[in-house]
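Asker: The structure that follows is given in the form of structure tokens.
2 protein chains.
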Amino acid sequence: MRAEGFPKIFASPVRWLRPAPGKPLVVVSSRVRLARNLNGLPFPNRATLAQRREVWNRICAALGRPSAGSGAFACMEMTEFSDLEKQLLVERRLSSRELVRMGAGSGIAVDASERVSVMVNEEDHLRIQALVPGAGLNEAWRLADGLDSALGRRRTFAYDPQLGYLTACPSNVGTGMRASVMLHTPALAMSAQVEPVMRGANELGFTVRGMLGEGSGAVGNFFQISNQSTLGEDERVILRRLRAAVLRISHAEEAAREALADGRRLWLCDQVGQAYGRLRHAYLLPSQEALNAVSFLLLGCEMGLLPRVRRTPLLRFMVTVQAGHLQRRAGSVLDEAGRDAYRAALARAFLTGAEEKEGV
Amino acid sequence: MRAEGFPKIFASPVRWLRPAPGKPLVVVSSRVRLARNLNGLPFPNRATLAQRREVWNRICAALGRPSAGSGAFACMEMTEFSDLEKQLLVERRLSSRELVRMGAGSGIAVDASERVSVMVNEEDHLRIQALVPGAGLNEAWRLADGLDSALGRRRTFAYDPQLGYLTACPSNVGTGMRASVMLHTPALAMSAQVEPVMRGANELGFTVRGMLGEGSGAVGNFFQISNQSTLGEDERVILRRLRAAVLRISHAEEAAREALADGRRLWLCDQVGQAYGRLRHAYLLPSQEALNAVSFLLLGCEMGLLPRVRRTPLLRFMVTVQAGHLQRRAGSVLDEAGRDAYRAALARAFLTGAEEKEGV
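Sequence order for the protein chains is L and Z. Counting the first sequence from 1 gives a position; this note's numbering is that position plus 955. Counting the second sequence from 1 gives a position; this note's numbering is that position plus 955.
Here's what the structure looks like:
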């Protein structure tokens, strides 16, 4: 059965890039993920196909009824998605790279708001995720916790009174919670401060990774920072510590921006101008160059250097030019050169549109 | 006595960048230089100040009367030029870098057309130069030879029936002629063919150097090719051989342009677009980056990829943004950062003007 929800989801702008007025611009989005497993069934890596299917069916049935804080869920098995759609799921951050490699019995459920989703039979039976725009760890926690409680009333999760929630990988045992925040820190990068700041976060017990999670490099000055430990600390304590770390990095980035504006204003304008010129006049634009240029434009726009470019369309443009979304928009499979050419055409059109709108 | 000619010269666009319709675009300009010395007076490096002054006075007197093919000459000693003006002389290619370092008794004479000039008491008593736009070795030869004959009728040059004209450095003995052509070969550079092509010219007895002559690197894909030997060959033979070498390089560049247009069109557009974007949105523009970008714009414009940019204004812009001309235009001495900022402002204005003119 092909769920109606997904084509609609793929066609709409990603929700986690909506503006979050009044919040620090350094924080792009916030996410809370809870690892859960059904009691009495083996973890996915030890389960038979029949057992995996049973898990999938049980979770879908439980999600079928509207739960606290979220509407109806669209559920779809991985086998039903095309390769392109799988790529879209990853780019929209609804699915991990691992989940899309799995087959029957693994799948994904997304609620109508697209803020809450469940990866089924990835590493664990359930990975409950809440992803919200801007600095919204509290809201993400509320959403994930709400769905967790609702599901917990309908299904029994593997739980040990001593250890907490049991998970396939020992690193998730306990709360099963991974809270992460995506940060955009171009001024720290321009001032060669990324390494020390991120090392500081690491020493405080946080993991720092690139934009698309595990195994992705740090392109476009986007980073994800998340808690390493899930054991021995209450969820709220973990979230409070993470918020504090994020706040420190935000302040460092803001100070770096002020220092650039004060001491190296022309250089800053030149860097932003180079990025603008790159996108505005490109004919072949590799993904990484596009992301790096978007990062500088975002900085320029947040610092008031690019009055014609607006932040939210720019962030959406960034999602649009990733390989999956690009090909969806083109309506055909494109090889790397084809994607680079189409991405360049979109970049030119995006900035020409911005110029024309303001009557340049 | 401060000649009236020079301020006027400095304020006008350089003549050797005028369009040369119908000639190969690869050739930017052509120059013929003749080394001569007055009979009976020591070479400049062995002359006393009084002797150098005598040479200067004798040459100025001979140039005072209009000569065949050229009008009146403006003569000025090096001591009368400011540092900025000396820089202008070099950037306009009226003076060598060596001449501007010299003092009393050394100077320069330029005719009203600015096509013919004489460096006095550089390495030799006279360096007669003719510099014309495009592929014009014949015309340059005609102009230099005309002035040489006219001066030869009024002064006796050091000449040996066996060796030919005697010069301070043995490498110029014989004809005393150095003919050189400035080439712009961006497509060869993009196709990694510059080295082999230039090595080929070298093996045929030609010297290949950067844009501003000896000691200048190959910025902006501009090269000068000139004859190595001045001895044992008639001037016309040297010129014929040089023309043939230039033609070969021109054809190689044209073939490389066609190959790019056929096989790598988008890549080519992207390179040109990057250069355009760099100049159009720059806030700090080092000289070398500007020249490299101008080179790509020139290519784009010659290949019809940039309908809004015209070739001659672009070539003039290239002269305008060199340090001396830049500071003359700014009306003040600028440090490196100041020059980079002002150069960027000129680049933005230049291309904004091009866009506005065409109603983009």
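We treat Cβ as the ideally placed atom computed from N, Cα and C, and that holds for glycine.
(1) Under DSSP, the beta strand (DSSP E) around cysteine 1030(Z) begins and ends at which residues?
(2) Thinking C-alpha only, which one of Ser1061(L), Gln1042(L) and Gly1060(L) is nearest arginine 1052(L)?
(3) DSSP on asparagine 992(L), reduced to helix/strand/coil?
(4) Would cysteine 1224(Z) pass as an interface residue toward chain L - the criterion being a Cβ-Cβ separation below 7 Å?
(5) Would you list, in sequence order, the uninterrupted alpha helix (DSSP H) runs of no fewer than 4 residues that lie entirely inside the stretch 1049 to 1123 of chain L?
(6) Candidates Arg1219(L), Ser1242(L) and Ala1237(L): which alpha carbon is nearest leucine 1239(Z)'s?
(7) Residues of chain Z with CB under 8 Å from tyrosine 1231(L), in chain order?
(8) Between the stretch 1132 to 1150 of chain Z and chain L, which residues of the former have a C-beta closer than 8 Å to a C-beta of the latter?
(9) Could you check if glutamine 1117(Z) is buried or exposed, using at least 16 other CB atoms within 10 Å of its CB as the buried criterion?
(10) By the 8 Å beta-carbon criterion, what residues does the stretch 1077 to 1105 of chain Z contribute toward chain L?
(11) If you reduce the DSSP assignment to three classes, tell me which class methionine 1145(L) lands in.
(12) Ordered along the chain, which non-local residues of its own chain (more than five positions away) have a Cβ less than 7 Å from that of valine 1055(L)?
(13) Got a sec? Which residues, its chain only, sit under 7 Å from glutamate 1208(L) by beta carbon, not counting five neighbours each side?
(14) With 7 Å set as the bound, which would you pick, yes or no: does the beta-carbon of glycine 1175(Z) sit closer than that to a beta-carbon of chain L?
(15) What does the alpha-carbon distance come out to for the pair asparagine 1182(L) and glutamine 1148(L)?
(16) Compare the C-beta of alanine 1296(L) against all C-beta atoms of chain Z and say whether one is closer than 7 Å.
(17) Tell me which residues of the stretch 1238 to 1254 of chain L have at least one Cβ-Cβ distance to chain Z shorter than 7 Å, keeping chain order.
(18) Taking Cβ-Cβ distances shorter than 7 Å, what residues in chain Z pair up with leucine 1221(L)?
(19) I'd like to know if the stretch 1224 to 1241 of chain Z and the stretch 1190 to 1206 of chain Z are in contact, where contact means that at least 3 CB-CB pairs between them fall below 8 Å.
(20) Alanine 1090(L): which of His1206(L), Phe1177(L), Leu1138(L) and Val1075(L) sits nearest, CA to CA?
(21) What is the DSSP secondary structure of histidine 1139(Z), counted as helix, strand or coil?
(22) Compare the Cα-Cα distances from alanine 1302(Z) to each of Gly1259(Z), Glu1257(Z) and Leu1252(Z) and report the closest residue.
(23) Leucine 989(Z): which of Gly1058(Z), Leu1098(Z), Arg1110(Z) and Ile1180(Z) sits nearest, CA to CA?
(24) Does the beta-carbon of proline 1125(Z) have 16 or more other beta-carbons within 10 angstroms, so that it is buried, or is it exposed?
(25) For a contact meaning CB atoms closer than 7 Å, what does glycine 1228(L) contact in chain Z?
(26) So glycine 1119(L) and threonine 1130(L) are in contact, right, with Cβ under 8 Å, and what is the actual spacing, rounded?
(27) Based on the DSSP secondary-structure assignment, which residues constitute the bridge partners of methionine 1132(Z)?
(28) With a threshold of 8 Å on Cβ separation, who are the neighbours of glycine 1170(Z) within its own chain once the five nearest residues in sequence on each side are excluded?
(29) For the stretch 1276 to 1308 of chain L, enumerate the residues whose C-beta is nearer than 9 Å to any C-beta of chain Z, in chain order.
(30) So, are the CB atoms of valine 1317(L) and alanine 1245(L) less than 7 Å apart?
(31) Of the residues Leu1159(Z), Leu1086(Z), Glu1150(Z) and Val1073(Z), which one's Cα is nearest the Cα of alanine 1134(Z)?
(32) Please determine, among Leu1018(L), Ala1230(L), Arg1108(L) and Ala1105(L), the residue with the shortest C-alpha to C-alpha distance to alanine 1067(L).
(33) Determine the extent of the alpha helix (DSSP H) in which asparagine 1000(L) is found, giving its start and end residues.
(34) Taking the alpha-carbon positions, what's the leucine 1270(L) to cysteine 1256(L) distance?
Answerer: In this structure, then:
(1) Secondary structure note for cysteine 1030(Z): its beta strand (DSSP E) is the uninterrupted segment 1028 to 1032.
(2) Of Ser1061(L), Gln1042(L) and Gly1060(L), the residue nearest in Cα terms is Gln1042(L).
(3) Looking at asparagine 992(L) - three-state DSSP - the assignment turns out to be coil, as it is neither helix nor strand.
(4) Yes - at least one Cβ of chain L is within 7 Å of the one on cysteine 1224(Z).
(5) Every alpha helix (DSSP H) stretch that sits fully inside the stretch 1049 to 1123 of chain L and reaches 4 residues is listed by chain position as 1092 to 1109.
(6) The residue with the shortest Cα to Cα distance from leucine 1239(Z) is Arg1219(L).
(7) The answer, in chain order, is Gly1232 and His1236.
(8) Taking 8 Å as the Cβ-Cβ cut-off, the stretch 1132 to 1150 of chain Z has no residue approaching chain L.
(9) Result: exposed.
(10) Per Cβ criterion, the list is empty.
(11) It is helical.
(12) Excluding residues within five positions, the ones whose Cβ falls inside 7 Å are Met1033, Lys1041, Leu1044 and Val1045.
(13) Closer than 7 Å at the Cβ level, and outside the excluded window around glutamate 1208(L), lie Val981, Thr1140, Ala1142 and Leu1143.
(14) With 7 Å as the cut-off, glycine 1175(Z) does not count as an interface residue toward chain L.
(15) Spanning the alpha carbons of asparagine 1182(L) and glutamine 1148(L) requires a straight line of approximately 21 Å.
(16) So yes, alanine 1296(L) belongs to the interface.
(17) Flagged, chain order: Tyr1238 and Leu1239.
(18) The contact set of leucine 1221(L) on chain Z, defined by CB atoms closer than 7 Å, consists of Tyr1238, Leu1239 and Ala1296 in chain order.
(19) No contact exists between the stretch 1224 to 1241 of chain Z and the stretch 1190 to 1206 of chain Z.
(20) It is Leu1138(L) whose Cα lies nearest to the Cα of alanine 1090(L).
(21) Reduced to three states, the DSSP call for histidine 1139(Z) is strand.
(22) Considering only alpha carbons, the answer is Leu1252(Z).
(23) The shortest C-alpha separation from leucine 989(Z) is found at Leu1098(Z).
(24) Counting every other CB atom within 10 Å of its CB across the protein chains shown gives proline 1125(Z) a total below 16, marking it as exposed.
(25) Ordered by position in chain Z, the residues that pass the 7 Å Cβ test against glycine 1228(L) are His1236, Ala1237 and Tyr1238.
(26) That pair is a contact at about 6 Å.
(27) In the DSSP secondary-structure assignment, methionine 1132(Z) is bridged to Leu989(Z).
(28) Because glycine 1170(Z) carries a pLDDT of 48, less than 50, the predicted location of this residue cannot be relied on, and the following value inherits that uncertainty. Spatial neighbours of glycine 1170(Z) in its own chain (CB-CB distance under 8 Å, excluding positions within 5 residues in sequence) are listed in chain order as Arg1052.
(29) Contact residues of the stretch 1276 to 1308 of chain L toward chain Z are Ala1292, Asp1295, Ala1296, Ala1299 and Arg1303 (C-beta to C-beta distance below 9 Å).
(30) With chain L covering 956 to 1315 only, the question about residue 1317(L) has no answer from this structure.
(31) The alpha carbon of alanine 1134(Z) has as its nearest neighbour, out of Leu1159(Z), Leu1086(Z), Glu1150(Z) and Val1073(Z), the alpha carbon of Leu1086(Z).
(32) The candidate whose alpha carbon is nearest that of alanine 1067(L) is Leu1018(L).
(33) Here asparagine 1000(L) belongs to no alpha helix (DSSP H), and DSSP marks it neither H nor E.
(34) When rounded, the distance between both Cα atoms is 11 Å.
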